[in-house]
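Here is the structure we will look at.
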Amino acid sequence: MAPLRFSANLSWLFSELPGLPARLRAAGSSGFEAAEVAWPYAEPPGALARVAREAGLRLVLINTPPGDQEKGEMGLGAVPGRQAAFREGLEQAVRYAKALGCPRIHLMAGRVPQGADRAAVRGEMETVFLENLRHAAGVLAQENLVGLLEPINTRVTDPQYFLDTPQQAAAILQKVGRPNLQLQMDIFHWQIMDGNLTGNIRKFLPIVGHVQVAQVPGRGEPSSPGELNFPYLFQLLEDEGYQGFVGCEYRPQGEGGVGLQGWPWRNRCWMGAVFSLWGEMPLPLSTGDTVEGLSWLRSYWDRQGHPQAGQ
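3 is the number of the first residue of the sequence shown in the working numbering; add one for each residue after it.
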């Protein structure tokens, strides 16, 4: 039973820092060994790979390009009439993944077209998605890469997103039937859409290739107030034998919504602070609620036999 491994989602963490290179350096300095980012495409892949190496990080997840965001696109995998653009974006994602040494690509399904009735277009969109996924599976297999499908909740985050429940995603994966396509489990979205996290984690974990976490309803760090019991959920993932990474995809809570600046250790990415707690970096803990919120993880860390600072 191996301890969980965490990755910094740099689309959410260190948001006060301009540009992905600066965020990579910050994640490395905070103790992370892995990072993920939705869209790295504003930076040359070679330059990003160099910064990641210097920061001691490996990239574990990127997304396919979103499409034309000015027109409201958020992925193209299931969007009728955008098959050619999806495949072009897939090729770009594969180039970046290879340069970055990143083994997983989230194949974004996209949104129901504006003005369309979800039920009326569901069949057509699924047909398009299946066609694109079969193509993607072949392309990814040639490069030894894994494609992921992520359901995004349509109750709060994105009412138009096509893929919104683990049941829908699992059914599509079964129809495609390719072993290098897996499920991406974002606990935040799963809780909002369906709840029953214990049952759903146990049922779907065999086909899960990546996990992401945030507290519900505020999408803050796991130690922030909310309805999810993360000590229990993390222990469940560990007990069920999950071997992949857990992505820290949350909005750091605190004064003014700032990140590293202003109130550094309460607002710093939550897991980075945890790793620093047992590392060699100084940790000027001055807020009792921060220490209390991390006390359960101190116990978890100790159970794994990791030495504390100075030992």
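We put the beta carbon where it would ideally sit given N, CA and C, even for glycine.
Asked	Found
Pull up the distance between the alpha-carbon of residue 165 and that of residue 105, whole angstroms please.	22 Å
With distances taken between CB atoms, is the gap from residue 83 to residue 58 smaller than 7 Å?	no
Note down the Cα distance separating residue 64 from residue 119, rounded to an integer number of angstroms.	30 Å
Under a Cβ-count criterion, where at least 16 other Cβ atoms within 10 Å of its own Cβ denotes burial, should residue 184 be classed as buried or exposed?	buried
With DSSP as the reference, identify every bridge partner of residue 9, one or two as the case may be.	249
Measuring CA to CA, which of 61, 81 and 173 is closest to residue 123?	81
Considering Cα atoms alone, identify which of 112, 86 and 103 is closest to residue 137.	86
Look at the Cβ atom of residue 153, then the Cβ atom of residue 171, and state whether they are nearer than 7 Å.	yes
Could you tell me which residues DSSP pairs with residue 60 in its beta bridges?	36
Just the C-alpha distance for residue 132 and residue 155, rounded to the nearest angstrom, thanks.	20 Å
How many Å lie between residue 212 and residue 199 at the Cα?	16 Å
Mapping DSSP to helix, strand and coil, what is residue 163?	strand
Rank 129, 99 and 196 by C-alpha distance to the C-alpha of residue 144 and give the top, closest one.	99
Could you give the distance in angstroms between the alpha-carbon of residue 10 and the alpha-carbon of residue 189?	16 Å
Give the C-beta separation of residue 2 and residue 221 to the nearest angstrom, bearing in mind that I take them to be a contact with Cβ-Cβ under 8 Å.	Past the edges of the chain, shown from 3 to 313, lies residue 2, and the structure says nothing about it.
In angstroms, rounded to a whole number, what distance separates the CA positions of residue 50 and residue 139?	25 Å
Given a threshold of 16 other Cβ atoms within 10 Å of its Cβ, counted over all protein chains shown, does residue 214 qualify as buried or as exposed?	buried
Do residue 255 and residue 226 have their C-beta atoms within less than 7 Å of each other?	yes
At which residues does the alpha helix (DSSP H) containing residue 2 begin and terminate?	The requested residue 2 is not part of the displayed model; the chain covers only 3 to 313.
Terminal residues of the continuous beta strand (DSSP E) containing residue 154?	Residue 154 -> no beta strand (DSSP E), and no H or E assigned at all.
Can you give me the C-alpha to C-alpha distance between residue 207 and residue 248, rounded to a whole angstrom?	13 Å
Give the DSSP-derived three-state secondary structure of residue 202 in the structure shown.	helix
Using a Cβ-Cβ cutoff of less than 8 Å, which residues in the same chain neighbour residue 12 once the five nearest sequence positions on both sides are dropped?	22, 25, 26, 29, 37, 38 and 39
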